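Order-wise, the sequence lines are chains A and B.
Using full-length UniProt numbering, the letters of the first sequence map in sequence onto residues 1 to 434.
Using full-length UniProt numbering, the letters of the second sequence map in sequence onto residues 1 to 261.
Cβ atoms here follow ideal geometry from the backbone N, Cα and C, with glycine treated the same way.
In this text, all values refer to a predicted model and were calculated from it rather than measured experimentally.
Below: the structure, in structure tokens.
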Amino acid sequence: MNYLPNIIFALILIAGIGYFARNIKKLIRNIKLGREVDASDNKSQRWKNMARIALGQSKMVVRPIAGFLHIIVYVGFIIINIEVLEIIIDGLFGTHRIGLKVLPESVYGFLIGSFEILAVLVLIAVVVFWLRRNIINIKRFKSLKGWPKNDGNIILYFEVVLMCLFLVMNATDTSFQNMGAGNVISQFISPWFSDNPDTLHLIERSAWWLHIVGILVFLNYLYFSKHLHILLAFPNTYYGKLTPKGQFNNLEAVTNEVKLMMDPNADPFAAPAEDDNAEEPAKFGASDVMDLNRIQLLNAYTCTECGRCTSECPANQTGKKLSPRKIMMDTRDRLVEVGKNIDANGGEFKDDGKQLLGDYITNEELWACTTCNACVEACPVSIDPLSIIMEMRRYLVMEESAAPMELNNMMTNIENNGAPWPYNQQDRLNWVNE
Amino acid sequence: MSEQLQVKTMAEYMAEGKQPEVLFWVGSAGSYDDRAKKITKAFVKLLNNAGVEFAVLGAEESNTGDVAKRAGNEFLFQMQAMMNIEVLNAYEIKRIVTCDPHSFNCIKNEYPSLGGVYDVVHHTQYIKQLIDAGRLSVKGDTYKGKRITFHDPCYLGRANSEFHAPRSVLRNTNANLVEMKKNKRFALCCGAGGAQMFKEPEKGDKDVNILRTEQALETTPDIIATGCPYCNTMMTDGIKAKEKEDTVTVLDVAEVLANSL
Ligand code: SF4
Ligand code: SF4
């Protein structure tokens with residue numbers, strides 16, 4: 001027996017999975033650059049959200065056409081991966097269609113038959129997706145340029161190639177065609193090929209090898225693409241916000257200081273007690289990715305760049321620079337840049353004179369936000385762009401005193417009069433007698 | 001509003017050794033802004049009519065700190081919050097109602113972890129409760145058959161998932177409720193949130209309140225109803241900019257009700 005194909009197969013598989021694992025390790029390391037955040041509460045609600053939003057795609061159907069097509073591609077993707085399992089076993093052990101040995105012919109035929117139908121549905125969906133992205137004038141796609149635009153298309157071409165390879169592989173598999181179960185689609189493709197058994201076998205083998213290699217390339221492409229959401233949508237929806245959307249977190253570091261300030265018994269000259277075990281001086285808000293928390297960084301990697309958030313954003317709809325999608329893409333780009341910096345400098349981040357605030361996201365974008373939560377509501381994978389905007393505003397105001405002048409006036413009024421306008425607090429009840 | 005409003009402060013209740021049913025948090029806009037004061041009075045008229053024993057803090061009330069927080073000034077927010085919480089806790093306040101969704105959201109969601117835990121309701125929810133309990137009855141036909149479209153304030157709707165109460169209250173007037181295309185969860189902001197109320201908008205090709213007003217006008221309404229003093233200002237400005245003030249009025253849900261007693 002000749003074991004060469006098995007060995008080559010095993011090597012390709014190990015290389016493909018190994019490289020993927022290495023990148024995932026990097027991704028986890030990068031996410032851990034962020035601040036720790038406690039999300040150990042409400043486990044059952046979190047699992048439910050994951051099942052509903054990631055697995056059940058509940059947010060996708062808000063836009064019925066895109067949602068329906070997306071579900072086809074998604075179901076196709078998951079189910080056809082079952083076929084990959086067979087390919088891997090066949091490849092490693094030199095078997096052919098191991099499924100036929102363990103399953104009754106009718107069941108196997110039913111499975112492959114449904115895969116074939118799904119493959120065709122996926123092909124149709126992908127064509128519509130391509131048209132939507134490239135021909136039909138949809139603003140949230142039109143505004144994408146360069147890599148993000150290509151990324152969206154590349155994955156569609158990938159899908160086409162993989163689905164075609166799958167169908168060709170089945171069509172040119174003589175014994176499978178002769179069996180006559182499950183070749184619901186491929187029976188119509190099979191006559192396109194020659195009758196020569198050797199040629200057929202060659203095509204079948206090529207399609208088979210290209211299919212598995214293609215899937216491994218796809219897997220490794222994910223890390224560089226918006227399609228990471230295929231995997232990360234699951235943890236991301238698990239960690240999604242559970243509290244009412246209007247509830248913003250209260251900064252604990254601030255609470256401690258405010259309590260000290262308001263406590264009449266506190267000795268202002270006493271050395272702060274816990275300072276010895278404080279790890280780092282608290283910085284209020286965020287100017288770079290390391291100041292954001294881990295869920296926010298996971299959000300950035302999960303973003304599908306679909307632009308649903310931006311198309312609902314009141315600031316963006318009225319021509320302001322702010323785009324919540326851009327906030328997420330900038331955060332990811334900067335995080336990747338920081339990660340590369342760490343790789344290049346032997347595991348340490350060397351100051352590159354850049355940061356998320358200013359070099360990626362401008363003050364003008366941040367101040368245009370109405371904190372309306374439309375972006376959070378629109379996101380199909382539970383991303384919270386608003387929380388990042390808020391962290392950066394906090395940095396601008398509390399570390400840089402860089403609020404717009406009118407806002408500074410408003411805040412001075414609150415400090416002095418307990419109202420955002422320059423009215424006397426004693427006059428609060430005047431309305432009764434006016 | 002000519003008839004005398006009955007308003008007592010918490011200090012007065014205290015002096016009498018009594019507790020009110022509910023504390024009415026008037027809020028900064030409701031206390032000082034000319035347009036918002038009318039909403040405050042309309043709501044008090046409803047409370048008086050229903051015989052609710054309510055109190056206000058008067059000069060002891062201070063800004064919730066909400067707008068400072070949204071602007072990014074967590075220090076100022078927490079200072080304000082803790083001052084207010086001290087007052088509220090000293091009076092042993094249990095229940096709070098307010099006409100301002102921003103105060104509502106802030107006290108309900110952001111005060112608890114700072115030590116201020118209260119049952120907080122928005123005035124549209126409170127009015128609904130009064131009607132449901134039979135304490136408030138709508139007799140007038142002022143708005144019968146009129147087209148009313150309700151603009152969801154972000155901090156009542158999307159932020160706290162209350163879409164039903166304001167609509168349910170409005171239905172009591174026998175008006176014809178019409179929905180904008182973008183409503184409830186998907187409603188467009190009026191443009192005032194996130195401290196925008198207090199600054200000029202960034203450069204763009206339109207103001208948010210104009211866009212929202214256009215969406216409202218698509219329903220050819222007689223009245224644009226809302227439940228937030230800031231939304232009210234924004235929509236009123238929008239109507240003026242569109243030169244529709246002769247045909248379309250912007251009213252708070254409380255005003256619509258107060259005019260229907
Ligand atoms: S919260 Fe801010 S970024 Fe999000 S949709 Fe509203 S205005 Fe846009
Ligand atoms: S944040 Fe969500 S809605 Fe916005 S582009 Fe990313 S995935 Fe789409």
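Within 7 Å: the Cβ of residue 228 (chain B) and any heavy atom of ligand 1?
Locating residue 228 (chain B) in the second sequence gives position 228, counting from the first residue. Residue 228 (chain B) Cβ: outside cutoff for every heavy atom of ligand 1.
Using a Cβ-Cβ cut-off of 8 Å (strictly less than) and excluding sequence neighbours within five positions of residue 9 (chain B), which residues of its own chain qualify?
Stepping through the second sequence from its first residue, residue 9 (chain B) is reached at position 9. Excluding positions up to five away in sequence, the list reads 55, 56, 57, 58, 60.
Residue 55 (chain B) bridges to which residues according to DSSP?
Residue 55 (chain B) sits at position 55 when you count from the first residue of the second sequence. Paired residues: B:8, B:23.
If I measure Cβ to Cβ from residue 322 (chain A) and keep anything under 7 Å in the same chain, skipping five residues before and after, which residues do I get?
Position 322 of the first sequence holds residue 322 (chain A). Cβ within range, chain order: 313, 315, 316, 365, 368, 369.
I'd like the span of the beta strand (DSSP E) that includes residue 122 (chain B), first residue to last.
The residue you call residue 122 (chain B) lines up with position 122 of the second sequence. Per DSSP, residue 122 (chain B) belongs to the beta strand (DSSP E) from 119-122.
Against chain A, does residue 213 (chain B) count as a neighbour if the rule is that its beta carbon must be under 8 Å from one of theirs?
Translated into the one-based positions of the second sequence, residue 213 (chain B) becomes position 213. Taking Cβ atoms only, chain A never reaches closer than 8 Å to residue 213 (chain B), which makes this a no.
Residue 229 (chain B): buried (16+ other C-beta within 10 angstroms of its C-beta) or exposed?
On the second sequence, residue 229 (chain B) is found 229 positions in, with the first residue counted as 1. Around the Cβ of residue 229 (chain B), a 10 Å sphere holds 16 or more other Cβ atoms; the residue is buried.
Quick check: is any heavy atom of ligand 1 less than 7 Å from the C-beta of residue 369 (chain A)?
Numbered from its first residue, the first sequence carries residue 369 (chain A) at position 369. Yes, the beta carbon of residue 369 (chain A) sits closer than 7 Å to at least one heavy atom of ligand 1.
Run through the DSSP bridge pairs and tell me what residue 95 (chain B) is partnered with.
Against the second sequence, residue 95 (chain B) aligns to sequence position 95. Under the DSSP definition of a beta bridge, residue 95 (chain B) partners with B:119.
Need the endpoints of the beta strand (DSSP E) that residue 252 (chain B) sits in, please.
As a working note, residue 252 (chain B) is residue 252 in the second sequence. Looking at the DSSP string, the run of the beta strand (DSSP E) that includes residue 252 (chain B) is 249-252.
Can you find a heavy atom of ligand 1 that lies under 7 Å from the Cβ of residue 231 (chain B)?
Here residue 231 (chain B) is taken as the residue at index 231 of the second sequence, counted from 1. Answer for residue 231 (chain B): no, Cβ out of range of ligand 1.
Check the DSSP bridge columns for residue 176 (chain B) and list the partner residues they point to.
By 1-based counting over the second sequence, the position of residue 176 (chain B) is 176. Beta-bridge analysis with DSSP links residue 176 (chain B) to B:147.
Flag residue 314 (chain A) as yes when its Cβ comes closer than 7 Å to any non-hydrogen atom of ligand 2, and as no otherwise.
Position 314 of the first sequence, counted from the start, is the residue given in the question as residue 314 (chain A). Within the chosen limit of 7 Å, ligand 2 does not reach the beta carbon of residue 314 (chain A) with any heavy atom.
For the segment 236-250 of chain A and the segment 211-222 of chain A, state whether three or more C-beta atom pairs, one from each stretch, are separated by less than 8 Å.
With fewer than three CB-CB distances shorter than 8 Å, the segment 236-250 of chain A does not count as touching the segment 211-222 of chain A.
In this structure, how does DSSP classify residue 223 (chain B) when only helix, strand and coil are distinguished?
Locating residue 223 (chain B) in the second sequence gives position 223, counting from the first residue. Residue state for residue 223 (chain B) is assigned as strand, using DSSP reduced to three classes.
Among the residues of its own chain, which have a CB less than 7 Å from the CB of residue 20 (chain B), if the five just before and after it don't count?
Sequence index remark: in the second sequence, residue 20 (chain B) carries index 20 (1-based). These residues qualify, in order along the chain: 13, 53, 54, 55.
Is residue 393 (chain A) close to chain B? Criterion is C-beta to C-beta, closer than 8 Å.
Residue mapping note: residue 393 (chain A) aligns to position 393 of the first sequence, counting from 1. Yes, its Cβ sits closer than 8 Å to a Cβ of chain B.
In or out: residue 21 (chain A) buried (at least 16 other Cβ within 10 Å) or exposed?
Here residue 21 (chain A) refers to the residue found at position 21 when the first sequence is read from its first residue. Around the Cβ of residue 21 (chain A), a 10 Å sphere holds fewer than 16 other Cβ atoms; the residue is exposed.
Compute the Euclidean distance between the alpha carbons of residue 223 (chain A) and residue 400 (chain A), then round it to the nearest angstrom.
Translated into the one-based positions of the first sequence, residue 223 (chain A) becomes position 223. Translated into the one-based positions of the first sequence, residue 400 (chain A) becomes position 400. So the alpha carbons of these two residues sit roughly 35 Å apart.
Within 10 Å of its beta-carbon, does residue 4 (chain A) have 16 or more other beta-carbons around it, so buried, or fewer, so exposed?
Along the first sequence, one-based indexing puts residue 4 (chain A) at 4. Residue 4 (chain A) sits exposed, since fewer than 16 C-beta atoms from the chains shown fall within 10 Å of its C-beta.
Kindly list the residues whose CB is nearer than 8 Å to the CB of residue 255 (chain B), restricted to its own chain and excluding five residues on each side of it in sequence; keep chain order.
The count along the second sequence starts at 1 and reaches residue 255 (chain B) at position 255. If we look at residue 255 (chain B) and ignore the five residues flanking it on each side, its Cβ neighbours are 38, 39, 42.
Roughly how many angstroms separate the alpha carbons of residue 221 (chain B) and residue 150 (chain B), rounded to a whole number?
Here residue 221 (chain B) refers to the residue found at position 221 when the second sequence is read from its first residue. Here residue 150 (chain B) refers to the residue found at position 150 when the second sequence is read from its first residue. When only Cα atoms are considered, residue 221 (chain B) and residue 150 (chain B) end up about 10 Å apart.
Strictly by DSSP, which residues pair up with residue 361 (chain A)?
The residue you call residue 361 (chain A) lines up with position 361 of the first sequence. In the DSSP assignment, residue 361 (chain A) forms a beta bridge with A:357.
Local conformation of residue 293 (chain A) per DSSP, three classes
Numbered from its first residue, the first sequence carries residue 293 (chain A) at position 293. Per DSSP, reduced to three states, the secondary structure at residue 293 (chain A) is strand.
Give, in chain order, every unbroken run of the alpha helix (DSSP H) that is at least 4 residues long and sits entirely within the segment 323-351 of chain A.
The segment 323-351 of chain A is shown to contain whole alpha helix (DSSP H) runs of 4 or more residues at 324-344, in chain order.
In its own chain, which residues sit with a C-beta less than 8 Å from the C-beta of residue 392 (chain A), not counting the 5 before and 5 after it?
For the purposes of this step, residue 392 (chain A) is identified with residue 392 of the first sequence, where counting begins at 1. The residues 285, 286, 287, 356, 357, 361, 366, in chain order, have a CB closer than 8 Å to that of residue 392 (chain A) in the same chain once the five nearest residues on each side in sequence are set aside.
Which chain A residues sit within Cβ distance under 9 Å of residue 99 (chain B)?
Residue numbering aside, residue 99 (chain B) sits at position 99 when the second sequence is read from its first letter. Listed along chain A, no residue sits closer than 9 Å to residue 99 (chain B) by beta-carbon distance, the nearest being about 12 Å off.
Which chain B residues are close to residue 248 (chain A), counting only those with a beta carbon under 7 Å from its beta carbon?
Along the first sequence, one-based indexing puts residue 248 (chain A) at 248. Neighbours of residue 248 (chain A) on chain B, chain order: 69, 110.
What residues in its chain sit with their C-beta under 6 Å from that of residue 103 (chain B), if we drop five residues either side in the sequence?
The residue you call residue 103 (chain B) lines up with position 103 of the second sequence. Listed in chain order, the non-local C-beta contacts of residue 103 (chain B) below 6 Å within the same chain comprise 25, 27, 64, local neighbours out to five positions each way being set aside.
Identify, in the order they occur along the chain, each residue of the same chain with its Cβ nearer than 6 Å to the Cβ of residue 11 (chain A), setting aside the five sequence neighbours on each side.
Residue numbering aside, residue 11 (chain A) sits at position 11 when the first sequence is read from its first letter. Within the same chain, and ignoring the five residues on either side of residue 11 (chain A) in sequence, no residue has its Cβ closer than 6 Å to its Cβ.
Using a beta-carbon distance below 8 Å, is residue 58 (chain B) in contact with chain A?
By 1-based counting over the second sequence, the position of residue 58 (chain B) is 58. Taking Cβ atoms only, chain A reaches closer than 8 Å to residue 58 (chain B), which makes this a yes.
Can you determine whether any heavy atom of ligand 2 sits closer than 7 Å to the C-beta of residue 173 (chain B), and answer yes or no?
Within the second sequence, numbered from 1, the residue matching residue 173 (chain B) stands at position 173. The closest heavy atom of ligand 2 lies 7 Å or more from the beta carbon of residue 173 (chain B).
Comparing C-alpha positions only, which one of B:66, B:16, B:50, B:34 sits nearest to residue 195 (chain B)?
Working through the second sequence from its first residue, we reach residue 195 (chain B) at position 195. Closest by C-alpha distance to residue 195 (chain B), out of B:66, B:16, B:50, B:34, is B:66.
Any C-beta of chain C under 8 Å from that of residue 130 (chain A):
Protein chains in the displayed structure are A and B, and chain C is not among them.
Hey, does residue 15 (chain A) have any beta-carbon neighbour from chain B nearer than 8 Å?
Residue mapping note: residue 15 (chain A) aligns to position 15 of the first sequence, counting from 1. For residue 15 (chain A), the answer is no, since every Cβ of chain B falls outside 8 Å of its Cβ.
Taking residue 13 (chain A) as the reference, give the member of A:64, A:84, A:239, A:26 with the closest Cα.
By one-based count along the first sequence, residue 13 (chain A) stands at place 13. Relative to residue 13 (chain A), the option among A:64, A:84, A:239, A:26 whose CA is nearest is A:84.
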